[in-house]
Structure formats: structure tokens, C-alpha cells
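Just so we're aligned: the sequence shown equals residues 1 to 289 in the UniProt record's numbering. Where a beta carbon is used, it is the ideal one built from N, C-alpha and C, also for glycine. Note that this is a predicted model, so its numbers are computed, not measured. In what follows, a structure is listed as C-alpha cells, so that the remarks can point back to it.
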Amino acid sequence: MRANRWFIDSESGNLSDVLLCRPDHYSWLPSNDIAIQTMAGGQRVNHAVMLSQFDELVDALRMADVTCHFLTPRSTMPYEVYTRDSSQTTPFGTVVTNMARPERRPEEAQVRQFYGPDEIWKTCTQGHIEGGDIHFIRPGLLVIGVSGGRTDEAGAREFAQWFTQEGWTCRLIRFPAHFLHLDVIFTMVSDDTAIAVTDVLPDADLQWLREQGIRLLPVSYKEAMNDMGCNVLALGRGRVISPRHCTRINQMLRGEGIEVMTPNLDQFSRGGGSVHCMTMPLRRDSLAT
Numbered sequence: 001m002r003a004n005r006w007f008i009d010s011e012s013g014n015l016s017d018v019l020l021c022r023p024d025h026y027s028w029l030p031s032n033d034i035a036i037q038t039m040a041g042g043q044r045v046n047h048a049v050m051l052s053q054f055d056e057l058v059d060a061l062r063m064a065d066v067t068c069h070f071l072t073p074r075s076t077m078p079y080e081v082y083t084r085d086s087s088q089t090t091p092f093g094t095v096v097t098n099m100a101r102p103e104r105r106p107e108e109a110q111v112r113q114f115y116g117p118d119e120i121w122k123t124c125t126q127g128h129i130e131g132g133d134i135h136f137i138r139p140g141l142l143v144i145g146v147s148g149g150r151t152d153e154a155g156a157r158e159f160a161q162w163f164t165q166e167g168w169t170c171r172l173i174r175f176p177a178h179f180l181h182l183d184v185i186f187t188m189v190s191d192d193t194a195i196a197v198t199d200v201l202p203d204a205d206l207q208w209l210r211e212q213g214i215r216l217l218p219v220s221y222k223e224a225m226n227d228m229g230c231n232v233l234a235l236g237r238g239r240v241i242s243p244r245h246c247t248r249i250n251q252m253l254r255g256e257g258i259e260v261m262t263p264n265l266d267q268f269s270r271g272g273g274s275v276h277c278m279t280m281p282l283r284r285d286s287l288a289t
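This is how it looks when you write it as C-alpha cells:
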């Protein structure tokens, strides 16, 4: 195995380092159904509040002893704040993804500059794939969301092939494109528990997840689409960061014995993103040890 600086083999190992980008130039764009509906209702971004909410997220991460690393915000990249999509940390090195939206493709140069050539393991070239669709359940088990929108069959299969060659089990989960990414309807919150829109995910995939020992806590369609309720970040050691406005979900997680940190993030959820989208884990403790 390569001696890389960054490493994750799960979505729930103890998080020590994360990649972020300040939303200095962030705005809602009519590039996803959530933002389109928000803007159609006459709402507009409050930039001062949004910057304050981002600072709340950074404070929560630092309180959890997570070291924050930052990309440089560029005025030509309004969605660069969603660092989850442009790269993917793996057990073998960093993968540079291949994003679908033209306005996001220039972000590739930024992530390449951050990681440097020695850290990059693979570059996606077939179809499209984005980090919000890539979920490392645990060592040896990988799930990739395929909507045909942000991640398509070709992109998912290329990424999965690299891991099957390393002995991993990989499953593609297909869902409607208006959900954007898999992390809008499914996210791990601990080593054996996920929150999921169980009425949307296919029954065969729900059964497969349960067969892997994953407990599924239900989230409604409205909670997912109106509040980005599934889009939480597991910190490891029974802790998550979840948007403050997701009150029922946060109560449910606390009922499971999970510590929930709750920064305000509604300026981001109304644009189709939240804490999972805004964070690319760079280093987690391995669940294999």
C-alpha cells in the first residue's frame, strides 16, 4: 500500500483532517431541483448569514479536534464550497473525480494543486462521477450512487473496477437524478448505522445493506429534499455533525446514543447542499485496526 498522507477506509472512522472551501463566492444556481424550487419561491441567499454559518461548521469541526484544510475560493467557482465532489480520499491515495456540471469542472485544477502529484492515485476519465455518490461503508465494502445525472454508469463502473481489483465488494445503487447525489438519501452515521430515505431507495438495495449488517434509520422525502436531512457528517466515536434545523432527525440520532453537533446550515441546504457536501474527509482512523 502507498504511504500516502491522507487515508480513509470508511465513512465513520474517527475523523482527524478535512478539506473545506470558504463560500466567499457561493450562490444558489438553478443547477439542481432543490435550488430551483428555493429560488422559485422568491428566496435569496443572505451572504453574511451564510458566511457566519460556515464559520459555525468550522468551529464545530475544530471542537471535535478535526484539523481543517482549505482550498482557495475563486470567483469563477461558485460551488467550490462543496469539496465532497471534486476528489475522493481512499485507502490507496486520492482520486480526482470527473464532475458532470460544466461550471464545476475548473475545480479540478484546485484539488490537484492542493494534493500534489504524489498524493493522487487515480484520475477518473470514463463518464462522470462525483464524491457525493461515493460511500466507503467499511474496509472492503464500497457503495456508489448512480443517477445518470451527477454520476453515470461509466463513471461508477470505472471507479468500482479499481476497488474490485483490490479485493473490495462494490455495489451500485441507482436512484432518480433529481436527488443529485446518494448522500441526499443515504449517509452512514456510525460503523453499523445509516440514515436513509427508505421509501426512495430500491428494496433490493435496502435488503442488501441490511445483509451487510447496516441498520437503517428512516428519513422522509420532505426531510431529505427540503432540509438535506440525510446530509450529515459522521465524526467517528459516536459523534455526527447535522444541521440544526433537522430537529426530528437530530432527536432520532440522540435517541440512538449519538452525540449530535448542530451548526446552522440552512443557507446551504436551500441551495441543495449541507455538511456532508461541504466536507471531504482527508484522514480517518482505519476501522480495520
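Determine which residues share a DSSP beta bridge with residue i and list them.
{"i": "residue 303", "result": "The structure shown does not extend to residue 303, since the chain spans only 1 to 289, so no value can be given for it."}
{"i": "residue 290", "result": "What the structure shows of the chain is the stretch from 1 to 289, and residue 290 is not part of that stretch, so it cannot be assessed."}
{"i": "residue 8", "result": "BP columns for residue 8 are empty, so no partner."}
{"i": "residue 142", "result": "136, 170"}
{"i": "residue 234", "result": "240"}
{"i": "residue 27", "result": "Note: residue 27 sits in no beta bridge, so no partner."}
{"i": "residue 62", "result": "DSSP output for residue 62 lists no bridge partner at all."}
{"i": "residue 215", "result": "193"}
Sort the options by Cα distance to residue i and report the nearest one.
{"i": "residue 11", "options": "281, 289, 288", "result": "281"}
{"i": "residue 276", "options": "234, 166, 27", "result": "234"}
{"i": "residue 48", "options": "15, 265, 17", "result": "265"}
{"i": "residue 44", "options": "289, 270, 66", "result": "270"}
{"i": "residue 154", "options": "139, 249, 174", "result": "174"}
{"i": "residue 184", "options": "230, 157, 67", "result": "230"}
{"i": "residue 248", "options": "220, 273, 169, 263", "result": "220"}
{"i": "residue 263", "options": "4, 62, 21, 13", "result": "62"}
{"i": "residue 279", "options": "199, 60, 5, 289", "result": "60"}
{"i": "residue 5", "options": "73, 191, 115, 139", "result": "115"}
{"i": "residue 228", "options": "64, 65, 244, 139", "result": "244"}
{"i": "residue 242", "options": "191, 274, 90", "result": "274"}
{"i": "residue 268", "options": "202, 200, 226", "result": "226"}
{"i": "residue 27", "options": "75, 90, 7", "result": "75"}
{"i": "residue 272", "options": "179, 112, 108, 204", "result": "179"}
Confirm, please, whether the CB-CB distance from residue j to residue i is below 7 Å.
{"i": "residue 129", "j": "residue 92", "result": "no"}
{"i": "residue 224", "j": "residue 197", "result": "yes"}
{"i": "residue 17", "j": "residue 286", "result": "no"}
{"i": "residue 71", "j": "residue 110", "result": "yes"}
{"i": "residue 95", "j": "residue 88", "result": "yes"}
{"i": "residue 106", "j": "residue 25", "result": "no"}
{"i": "residue 134", "j": "residue 144", "result": "yes"}
{"i": "residue 171", "j": "residue 193", "result": "no"}
{"i": "residue 83", "j": "residue 19", "result": "yes"}
{"i": "residue 258", "j": "residue 240", "result": "yes"}
{"i": "residue 188", "j": "residue 217", "result": "no"}
{"i": "residue 131", "j": "residue 97", "result": "yes"}
{"i": "residue 139", "j": "residue 288", "result": "yes"}
{"i": "residue 7", "j": "residue 283", "result": "yes"}
{"i": "residue 112", "j": "residue 73", "result": "no"}
In terms of residues, what are the limits of the alpha helix (DSSP H) holding residue i?
{"i": "residue 155", "result": "153-164"}
{"i": "residue 186", "result": "Counting along the chain, residue 186 falls outside any alpha helix (DSSP H), though it belongs to the beta strand (DSSP E) covering 186-190."}
{"i": "residue 206", "result": "203-211"}
{"i": "residue 291", "result": "What the structure shows of the chain is the stretch from 1 to 289, and residue 291 is not part of that stretch, so it cannot be assessed."}
{"i": "residue 126", "result": "Run containing residue 126: none; DSSP gives neither H nor E here."}
{"i": "residue 220", "result": "Unbroken run through residue 220: none, as it is neither H nor E."}
Would you give the residue range spanned by the beta strand (DSSP E) that residue i belongs to?
{"i": "residue 177", "result": "From DSSP, residue 177 is part of no beta strand (DSSP E); its letter is neither H nor E."}
{"i": "residue 196", "result": "193-196"}
{"i": "residue 99", "result": "No beta strand (DSSP E) contains residue 99, which DSSP labels as neither H nor E."}
{"i": "residue 280", "result": "280-284"}
{"i": "residue 269", "result": "No beta strand (DSSP E) contains residue 269, which is instead part of the alpha helix (DSSP H) from 266-269."}
{"i": "residue 289", "result": "Residue 289 -> no beta strand (DSSP E), and no H or E assigned at all."}
{"i": "residue 89", "result": "87-90"}
- Quick one: any contact between the region 55-65 and the region 115-123, if contact means 3 or more CB pairs under 8 Å? No: fewer than three Cβ pairs fall under 8 Å.
- Would you say the region 135-151 touches the region 86-104, given that touching needs at least three Cβ pairs under 8 Å? The region 135-151, when compared against the region 86-104, does touch it at the 8 Å Cβ threshold.
- Message: For the region 154-168 against the region 205-212, do three or more pairs of beta-carbon atoms, one drawn from each stretch, fall closer than 8 Å, so that the two count as touching?
- Response: Proximity of the region 154-168 to the region 205-212 falls short of the contact definition, fewer than three beta-carbon pairs being nearer than 8 Å.
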